[in-house]
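The number in our numbering is simply the position in the sequence shown, starting from 1, with 48 added. Backbone N, C-alpha and C define an ideal beta-carbon position, used for all residues, glycine too. Predicted, not measured: the structure shown is a model, and the values here were computed from it.
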Amino acid sequence: MGTPFFFILGRPRSGTTLLKTLFDAHPNVKIPPELPIFLPLYQRFKHVKYWDRDQILSFVDHVFQPNVFNKRKLENLKIDRELFTADLLTMAGQCTIQDLLIKLNEHAFSIFPKQDIRLVGDKNPVYSVYMKRLIRIFPKAWFICIIRDYRDNYISMKNLQEVKMEAPVLTLQVARWVYVTKLFLSCQNRDPDRFYLIRYEDLVEKPEESLRELCAFLSIPYVSEVFDFHKKKDELVKIFPDPVVAKIHKSLMEPVNMGRMDLWKNQLTDLEVKIADQIAGRTADKMGYKRLSTRFSPAVFFKALPMTVYGKILFRLMQWGSFLPYKSSRWIALNLPKLARFYGRFSEKSAATNQENR
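Shown next as structure tokens:
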């Protein structure tokens, strides 16, 4: 029963927020700020076969329970609990957990005016690792996967290292880029009707053409006014005054532009480019990114090997962890800030070492 649904996936700092903003500016689409809440809630309620009043109220209680998820982000969704609950209760006896999760996003706040909501979306870069599971949980959903040049992706991550988003280690970041890009390509090859792969560079170079194709893919009308999203800057800052959020998404205060392309040409050393190109390998070629260095170097291979293996193991652990019982998933979510602090200390040492070696 539910409104048609889609996911926006991609590595952090790849243009997922730009895509999210363009779609949320559409009068017929609702897509909330990031909050990776779906998988934990699915784990908790996946065995419910019949959603009566008590089960629905239990679901609502878990959504709003303090500190179950990142409370600050939950508040960013600005969901009216009373209206949300009333809407879900009208679905009692004839809904699924998927319907309730979609309704959660449909009730999220948006600074953009809405008309008839024909499509609901979800944008969480971390979900890229769980794509195969999302395909099974949401068998009718569409997936838009965005890829950015692996060298610029690394630089963007590195420039935000004080936010402690991920460890800005070149070998690790490019290895993760390869892993996720291969996953996207594999899923698109198996089911091209549900998967749309777009490059960040194509989106900013040809925004109108790209958005027309994306709207056609999602079966919604193209609306050119979505490109005026930056005119909501003052309202956005007033509603979400967090300086960290402003720093991460400051480019969204400006019109779509190509100012964040090819940063690597001036900000990476020749050695860093060589390392990145070798790790990206043929995956970069498949995505149309020209490598300056295509010759294999055993020294680069062994230099990249530890972080490549670490990245794959961590992603596997994350995937397996999504099947953990609800309480265990909750514990992991609440302790992620500790991992972020570890990343921060590690990246600071890594940056200092790199500086000494230059």
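Boundaries of the beta strand (DSSP E) harbouring Ile192: 190-195, taken from the DSSP string.
In this chain, the alpha helix (DSSP H) harbouring Leu251 covers 248-253. Between Met355 and Thr144 the beta-carbon gap is near 40 angstroms, outside 8 angstroms, which marks them as no contact. Leu182 and Tyr244 have their C-alpha atoms spaced approximately 15 angstroms apart. Of the candidates Gly58, Asp135, Tyr270, the residue whose Cα lies closest to the Cα of Asp147 is Asp135. By the CB criterion at 8 angstroms, Asp197 and Tyr98 fall outside the cutoff. By the criterion of a C-beta distance shorter than 6 angstroms, Lys126 is surrounded in its chain by Phe157, once the five residues flanking it on both sides are discounted. At least 8 angstroms separates the beta-carbon of Tyr248 from that of Val222.
Non-local beta-carbon contacts of Asn172 in its own chain, meaning distances under 6 angstroms to residues more than five positions away in sequence, involve Glu82, Pro84 in chain order. Nearest C-alpha to Ser341 among Tyr358, Ala347, Asp318, Ser258: Asp318. With respect to the 8 angstroms criterion, Ala347 and Ile327 are not classified as neighbours on the basis of their beta carbons.
A contact is defined here as three or more CB-CB pairs under 8 angstroms, and the region 69-80 meets this definition with respect to the region 260-275. Annotation: the continuous beta strand (DSSP E) that includes Asp170 extends over 167-171. Taking all protein chains shown into account, Trp225 has 16 or more neighbouring C-beta atoms within 10 Å of its C-beta and is therefore buried. The beta carbons of Lys280 and Ile159 sit about 5 angstroms from each other, so the pair counts as a contact at 8 angstroms. One thing to note: Phe55 has its Cβ no nearer than 8 angstroms to the Cβ of Asp241. Of the residues Ile195, Trp379, Glu302, the one whose Cα lies closest to the Cα of Gly58 is Ile195.
Taking all protein chains shown into account, Arg61 has 16 or more neighbouring C-beta atoms within 10 Å of its C-beta and is therefore buried.
Under the three-state reduction of DSSP output, Ile159 falls in the coil class, being neither helix nor strand. Note that the C-beta distance between Ile104 and Leu137 is below 8 angstroms. Per DSSP, Ile79 lies in no beta strand (DSSP E) segment and is marked neither H nor E.
Counting along the chain, the unbroken alpha helix (DSSP H) around Ile203 starts and ends at 198-206.
A distance below 8 angstroms separates the beta carbons of Leu87 and Tyr178. Residue state for Leu316 is assigned as coil, using DSSP reduced to three classes.
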